[in-house]
Amino acid sequence: VLSAFVRDIRTVDPNVSGFPVKHHDSATQMWGCYYGIALYSLAAIALFLLFDFLRPGQKLLTVLPPLLVVGFIGYNSMQRSGSFNLNMLVSIYLGMVAFVATVFDVRNLRDTLLALVPPLGGLVMLLGLMTLLHVDFNPLNLIALPLVLGIGVDTGIHLVHDYRRQLAEGSADYNPSGDTVNGVLLTSLTSVVGFGSLMVSAHYGLRSMGIVLALGVTCCLCVALILLPALLVLVAKYQPASLEPVILPKAKPAESGDTALGNAGGNAANNSGGNSKASRKEQRRQAA
(Lines of atoms letter the chains of each structure in order from A and count residues from 1; the text may use other names and numbers.)
(Lines give C-alpha, C1' and ligand atoms only; values in the text may rest on other atoms or scores of the structure.)
Protein backbone atom coordinates (compact mmCIF):
# COMPACT_ATOMS: atom_id res chain seq x y z
CA VAL A 1 0.00 0.00 0.00
CA LEU A 2 2.79 2.43 0.89
CA SER A 3 4.65 1.64 -2.34
CA ALA A 4 1.55 2.39 -4.42
CA PHE A 5 0.98 5.60 -2.46
CA VAL A 6 4.55 6.84 -3.02
CA ARG A 7 4.44 5.84 -6.67
CA ASP A 8 1.22 7.79 -7.24
CA ILE A 9 2.57 10.87 -5.47
CA ARG A 10 5.75 10.86 -7.53
CA THR A 11 3.71 10.88 -10.72
CA VAL A 12 2.58 14.36 -9.65
CA ASP A 13 5.82 15.62 -8.09
CA PRO A 14 8.99 13.52 -8.58
CA ASN A 15 10.81 15.51 -5.88
CA VAL A 16 8.17 15.07 -3.19
CA SER A 17 9.42 14.45 0.37
CA GLY A 18 7.95 13.76 3.77
CA PHE A 19 7.87 11.03 6.39
CA PRO A 20 5.99 8.41 4.29
CA VAL A 21 8.33 8.89 1.33
CA LYS A 22 11.47 8.79 3.47
CA HIS A 23 10.20 5.74 5.34
CA HIS A 24 9.45 3.97 2.06
CA ASP A 25 12.85 4.81 0.57
CA SER A 26 14.77 3.73 3.67
CA ALA A 27 12.80 0.47 3.93
CA THR A 28 13.39 -0.27 0.24
CA GLN A 29 17.11 0.41 0.55
CA MET A 30 17.34 -1.69 3.72
CA TRP A 31 15.52 -4.59 2.06
CA GLY A 32 17.93 -4.47 -0.87
CA CYS A 33 20.91 -4.50 1.48
CA TYR A 34 19.63 -7.47 3.47
CA TYR A 35 18.77 -9.33 0.27
CA GLY A 36 22.31 -8.82 -0.98
CA ILE A 37 23.79 -9.90 2.36
CA ALA A 38 21.72 -13.10 2.37
CA LEU A 39 22.67 -13.87 -1.23
CA TYR A 40 26.39 -13.23 -0.68
CA SER A 41 26.53 -15.22 2.56
CA LEU A 42 24.76 -18.18 0.94
CA ALA A 43 27.09 -17.95 -2.07
CA ALA A 44 30.19 -17.85 0.14
CA ILE A 45 29.00 -20.81 2.20
CA ALA A 46 28.22 -22.87 -0.92
CA LEU A 47 31.63 -22.07 -2.42
CA PHE A 48 33.48 -23.05 0.75
CA LEU A 49 31.54 -26.32 0.90
CA LEU A 50 32.29 -27.13 -2.73
CA PHE A 51 35.94 -26.24 -2.19
CA ASP A 52 36.00 -28.61 0.78
CA PHE A 53 34.43 -31.57 -1.05
CA LEU A 54 36.37 -31.18 -4.31
CA ARG A 55 39.55 -33.11 -4.87
CA PRO A 56 42.82 -31.14 -4.88
CA GLY A 57 43.23 -31.20 -8.66
CA GLN A 58 39.65 -30.05 -9.28
CA LYS A 59 39.49 -26.96 -7.05
CA LEU A 60 41.14 -24.38 -9.27
CA LEU A 61 39.48 -25.77 -12.42
CA THR A 62 36.09 -25.40 -10.75
CA VAL A 63 36.54 -21.89 -9.32
CA LEU A 64 38.74 -19.94 -11.75
CA PRO A 65 37.12 -20.46 -15.23
CA PRO A 66 33.63 -19.33 -14.07
CA LEU A 67 35.25 -16.35 -12.36
CA LEU A 68 36.90 -15.31 -15.63
CA VAL A 69 33.62 -15.68 -17.53
CA VAL A 70 31.68 -13.63 -14.97
CA GLY A 71 34.41 -10.98 -14.97
CA PHE A 72 34.16 -10.73 -18.75
CA ILE A 73 30.36 -10.35 -18.52
CA GLY A 74 30.68 -7.61 -15.90
CA TYR A 75 33.32 -5.79 -17.98
CA ASN A 76 31.09 -5.81 -21.08
CA SER A 77 28.15 -4.57 -19.01
CA MET A 78 30.25 -1.70 -17.66
CA GLN A 79 31.38 -0.76 -21.16
CA ARG A 80 27.84 -0.70 -22.54
CA SER A 81 25.70 0.75 -19.76
CA GLY A 82 28.20 2.02 -17.19
CA SER A 83 26.92 -0.32 -14.45
CA PHE A 84 26.33 -3.98 -13.71
CA ASN A 85 23.99 -6.06 -11.57
CA LEU A 86 26.16 -7.65 -8.89
CA ASN A 87 23.40 -9.98 -7.66
CA MET A 88 22.93 -11.35 -11.17
CA LEU A 89 26.68 -11.89 -11.60
CA VAL A 90 26.90 -13.76 -8.29
CA SER A 91 23.97 -15.98 -9.29
CA ILE A 92 25.57 -16.73 -12.68
CA TYR A 93 28.87 -17.54 -11.00
CA LEU A 94 27.24 -19.93 -8.53
CA GLY A 95 25.37 -21.72 -11.32
CA MET A 96 28.53 -22.14 -13.39
CA VAL A 97 30.56 -23.40 -10.42
CA ALA A 98 27.83 -25.92 -9.57
CA PHE A 99 27.76 -27.12 -13.19
CA VAL A 100 31.54 -27.57 -13.39
CA ALA A 101 31.61 -29.39 -10.04
CA THR A 102 28.86 -31.71 -11.25
CA VAL A 103 30.80 -32.47 -14.43
CA PHE A 104 33.82 -33.52 -12.37
CA ASP A 105 31.85 -35.59 -9.85
CA VAL A 106 28.17 -35.33 -9.03
CA ARG A 107 28.95 -36.28 -5.43
CA ASN A 108 30.52 -32.85 -4.94
CA LEU A 109 27.25 -31.04 -5.60
CA ARG A 110 25.21 -33.70 -3.79
CA ASP A 111 27.26 -33.47 -0.60
CA THR A 112 27.20 -29.67 -0.77
CA LEU A 113 23.40 -29.66 -0.97
CA LEU A 114 23.19 -32.18 1.88
CA ALA A 115 25.39 -29.97 4.07
CA LEU A 116 23.06 -27.03 3.32
CA VAL A 117 19.98 -28.93 4.53
CA PRO A 118 20.32 -27.91 8.23
CA PRO A 119 20.67 -24.12 7.66
CA LEU A 120 18.03 -23.91 4.94
CA GLY A 121 15.60 -26.24 6.71
CA GLY A 122 16.27 -24.42 9.97
CA LEU A 123 15.41 -21.08 8.34
CA VAL A 124 12.09 -22.48 7.10
CA MET A 125 11.28 -23.78 10.59
CA LEU A 126 12.34 -20.43 12.07
CA LEU A 127 9.93 -18.50 9.85
CA GLY A 128 7.09 -20.80 10.90
CA LEU A 129 7.89 -20.43 14.60
CA MET A 130 8.17 -16.66 14.30
CA THR A 131 4.68 -16.61 12.79
CA LEU A 132 3.30 -18.76 15.61
CA LEU A 133 5.01 -16.66 18.30
CA HIS A 134 4.08 -13.34 16.62
CA VAL A 135 7.71 -12.22 16.35
CA ASP A 136 8.11 -9.72 13.52
CA PHE A 137 11.25 -8.82 11.62
CA ASN A 138 13.00 -5.55 12.41
CA PRO A 139 16.34 -4.02 11.36
CA LEU A 140 18.13 -5.73 14.27
CA ASN A 141 16.84 -9.28 14.11
CA LEU A 142 17.25 -9.37 10.33
CA ILE A 143 20.99 -9.44 11.02
CA ALA A 144 20.43 -12.81 12.70
CA LEU A 145 19.56 -14.60 9.45
CA PRO A 146 23.11 -14.70 8.00
CA LEU A 147 24.37 -15.73 11.45
CA VAL A 148 21.90 -18.62 11.54
CA LEU A 149 23.09 -19.69 8.09
CA GLY A 150 26.74 -19.61 9.13
CA ILE A 151 26.20 -21.47 12.40
CA GLY A 152 23.71 -24.00 11.03
CA VAL A 153 25.93 -25.10 8.18
CA ASP A 154 28.58 -26.30 10.67
CA THR A 155 26.30 -29.11 11.83
CA GLY A 156 25.74 -30.23 8.25
CA ILE A 157 29.48 -30.23 7.52
CA HIS A 158 30.23 -32.43 10.54
CA LEU A 159 27.56 -34.99 9.66
CA VAL A 160 28.41 -35.15 5.95
CA HIS A 161 32.10 -35.64 6.74
CA ASP A 162 31.15 -38.40 9.18
CA TYR A 163 29.02 -40.00 6.44
CA ARG A 164 31.85 -39.85 3.89
CA ARG A 165 34.32 -41.32 6.39
CA GLN A 166 32.10 -44.29 7.24
CA LEU A 167 31.43 -45.12 3.60
CA ALA A 168 35.12 -44.80 2.72
CA GLU A 169 35.90 -47.29 5.49
CA GLY A 170 33.60 -49.85 3.85
CA SER A 171 30.38 -49.41 5.82
CA ALA A 172 27.27 -50.54 3.93
CA ASP A 173 25.01 -47.94 5.57
CA TYR A 174 25.32 -44.82 7.67
CA ASN A 175 24.94 -44.57 11.42
CA PRO A 176 25.87 -41.22 13.01
CA SER A 177 28.83 -41.71 15.31
CA GLY A 178 28.50 -40.73 18.93
CA ASP A 179 31.43 -38.32 18.84
CA THR A 180 29.94 -36.40 15.91
CA VAL A 181 26.50 -36.17 17.52
CA ASN A 182 27.96 -35.04 20.84
CA GLY A 183 30.10 -32.40 19.12
CA VAL A 184 27.17 -31.05 17.11
CA LEU A 185 24.93 -31.03 20.17
CA LEU A 186 27.39 -29.27 22.46
CA THR A 187 28.45 -26.59 19.96
CA SER A 188 24.83 -25.80 19.08
CA LEU A 189 23.66 -25.67 22.69
CA THR A 190 26.49 -23.33 23.69
CA SER A 191 25.50 -21.03 20.82
CA VAL A 192 21.85 -21.14 21.92
CA VAL A 193 22.82 -20.24 25.49
CA GLY A 194 25.10 -17.42 24.35
CA PHE A 195 22.61 -15.86 21.96
CA GLY A 196 19.71 -16.57 24.30
CA SER A 197 21.24 -14.25 26.88
CA LEU A 198 20.12 -11.36 24.65
CA MET A 199 16.49 -12.26 25.43
CA VAL A 200 16.79 -10.71 28.91
CA SER A 201 17.68 -7.33 27.41
CA ALA A 202 15.34 -4.43 28.09
CA HIS A 203 15.73 -3.21 24.49
CA TYR A 204 13.08 -4.74 22.24
CA GLY A 205 15.39 -4.97 19.22
CA LEU A 206 18.10 -6.85 21.10
CA ARG A 207 15.51 -9.06 22.77
CA SER A 208 13.95 -10.00 19.43
CA MET A 209 17.43 -10.63 18.00
CA GLY A 210 18.16 -13.07 20.85
CA ILE A 211 14.85 -14.83 20.24
CA VAL A 212 15.50 -15.20 16.51
CA LEU A 213 19.08 -16.42 17.01
CA ALA A 214 18.19 -18.93 19.72
CA LEU A 215 15.23 -20.27 17.74
CA GLY A 216 17.24 -20.38 14.52
CA VAL A 217 20.17 -22.35 15.96
CA THR A 218 17.75 -24.73 17.70
CA CYS A 219 15.85 -25.32 14.45
CA CYS A 220 19.12 -26.01 12.60
CA LEU A 221 20.10 -28.47 15.33
CA CYS A 222 16.77 -30.32 15.05
CA VAL A 223 17.09 -30.59 11.28
CA ALA A 224 20.71 -31.77 11.58
CA LEU A 225 19.94 -34.51 14.11
CA ILE A 226 16.58 -35.69 12.71
CA LEU A 227 16.21 -34.97 8.99
CA LEU A 228 19.81 -34.99 7.73
CA PRO A 229 20.79 -38.45 9.14
CA ALA A 230 17.66 -39.93 7.57
CA LEU A 231 18.59 -38.39 4.21
CA LEU A 232 22.16 -39.69 4.52
CA VAL A 233 20.89 -43.19 5.28
CA LEU A 234 18.70 -43.10 2.16
CA VAL A 235 21.57 -41.79 0.04
CA ALA A 236 23.91 -44.51 1.30
CA LYS A 237 21.28 -47.18 0.68
CA TYR A 238 20.01 -46.22 -2.77
CA GLN A 239 22.95 -44.47 -4.44
CA PRO A 240 24.15 -46.08 -7.71
CA ALA A 241 27.28 -48.20 -7.69
CA SER A 242 29.07 -45.59 -9.81
CA LEU A 243 28.69 -43.05 -7.01
CA GLU A 244 29.99 -45.27 -4.23
CA PRO A 245 33.29 -44.13 -2.75
CA VAL A 246 36.46 -46.00 -3.58
CA ILE A 247 37.39 -48.20 -0.63
CA LEU A 248 41.13 -48.37 -0.22
CA PRO A 249 42.50 -51.64 1.21
CA LYS A 250 44.06 -51.24 4.60
CA ALA A 251 47.67 -52.37 4.73
CA LYS A 252 48.45 -54.68 7.62
CA PRO A 253 51.27 -53.38 9.81
CA ALA A 254 54.48 -55.34 9.36
CA GLU A 255 55.61 -57.23 12.42
CA SER A 256 58.97 -56.30 13.82
CA GLY A 257 61.63 -58.89 14.51
CA ASP A 258 61.07 -58.81 18.25
CA THR A 259 57.33 -59.26 17.79
CA ALA A 260 57.83 -62.17 15.41
CA LEU A 261 60.28 -63.85 17.81
CA GLY A 262 57.89 -63.27 20.67
CA ASN A 263 55.02 -64.86 18.74
CA ALA A 264 57.21 -67.79 17.74
CA GLY A 265 58.35 -68.25 21.33
CA GLY A 266 54.78 -68.12 22.55
CA ASN A 267 53.69 -70.75 20.02
CA ALA A 268 56.62 -72.98 20.98
CA ALA A 269 55.78 -72.60 24.66
CA ASN A 270 52.16 -73.47 23.98
CA ASN A 271 53.20 -76.54 22.00
CA SER A 272 55.62 -77.70 24.71
CA GLY A 273 52.99 -77.11 27.37
CA GLY A 274 50.49 -79.12 25.37
CA ASN A 275 52.99 -81.99 24.91
CA SER A 276 53.81 -82.04 28.61
CA LYS A 277 50.12 -82.19 29.48
CA ALA A 278 49.63 -85.03 27.02
CA SER A 279 52.58 -86.98 28.48
CA ARG A 280 51.19 -86.56 32.00
CA LYS A 281 47.87 -87.97 30.87
CA GLU A 282 49.64 -91.01 29.39
CA GLN A 283 51.54 -91.60 32.64
CA ARG A 284 48.30 -91.49 34.64
CA ARG A 285 46.68 -94.00 32.29
CA GLN A 286 49.62 -96.39 32.60
CA ALA A 287 49.62 -96.07 36.39
CA ALA A 288 45.91 -96.87 36.49
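In the numbering used here, the protein residues as written are 130 to 417.
Think of the CB as a built atom: it goes at the ideal place given N, C-alpha and C, for glycine as much as any other residue.
query, result
"Measuring straight from C-alpha to C-alpha, what distance separates V198 and V219?", "12 Å"
"Could you give the first and the last residue of the continuous alpha helix (DSSP H) run that contains Q158?", "148-182"
"Residues in its own chain within less than 7 Å of F182 by CB, not counting five upstream and five downstream?", "N237, D240, T241"
"Going by alpha carbons, who is nearest to S306 out of T316, V289, S320, V322?", "V289"
"Pull up the CB-CB distance for V253 and V341, whole angstroms please, since I reckon it's below 8 Å.", "So it is not a contact: roughly 14 Å between Cβ atoms."
"How many whole angstroms separate the CB atoms of N216 and G251, which I take to be in contact at a CB cut-off of 8 Å?", "Contact doesn't hold; Cβ gap of about 24 Å is too wide."
"Going by DSSP in three states, L278 sits in which element: helix, strand or coil?", "helix"
"Would you check if the distance between the CB atom of L255 and the CB atom of L344 is smaller than 7 Å?", "yes"
"Span of the alpha helix (DSSP H) holding V341?", "333-351"
"Short of 6 Å in beta carbon distance, which residues of its chain neighbour V282, apart from the five on each side in sequence? Order them along the chain.", "I174, P248"
"Where G367 and S212 are concerned, what is the direct C-alpha to C-alpha distance, given to the nearest angstrom?", "In the sequence as displayed, the identity of residue 367 is Tyr instead of Gly. Distance between the alpha carbons of Y367 and S212: 48 Å."
"How should Y292 be labelled, buried or exposed, when 16 other C-beta atoms within 10 angstroms of its C-beta is the threshold for buried?", "buried"
"For S320, which residues of its own chain have a beta-carbon under 7 Å away from its beta-carbon, when the five flanking residues on both sides are left out?", "I280, V346"
"Quick one, which of S132, Y204, R184 has its alpha-carbon nearest V232's?", "R184"
"Anyone know if the C-beta pair for G325 and G312 falls short of 7 Å?", "no"
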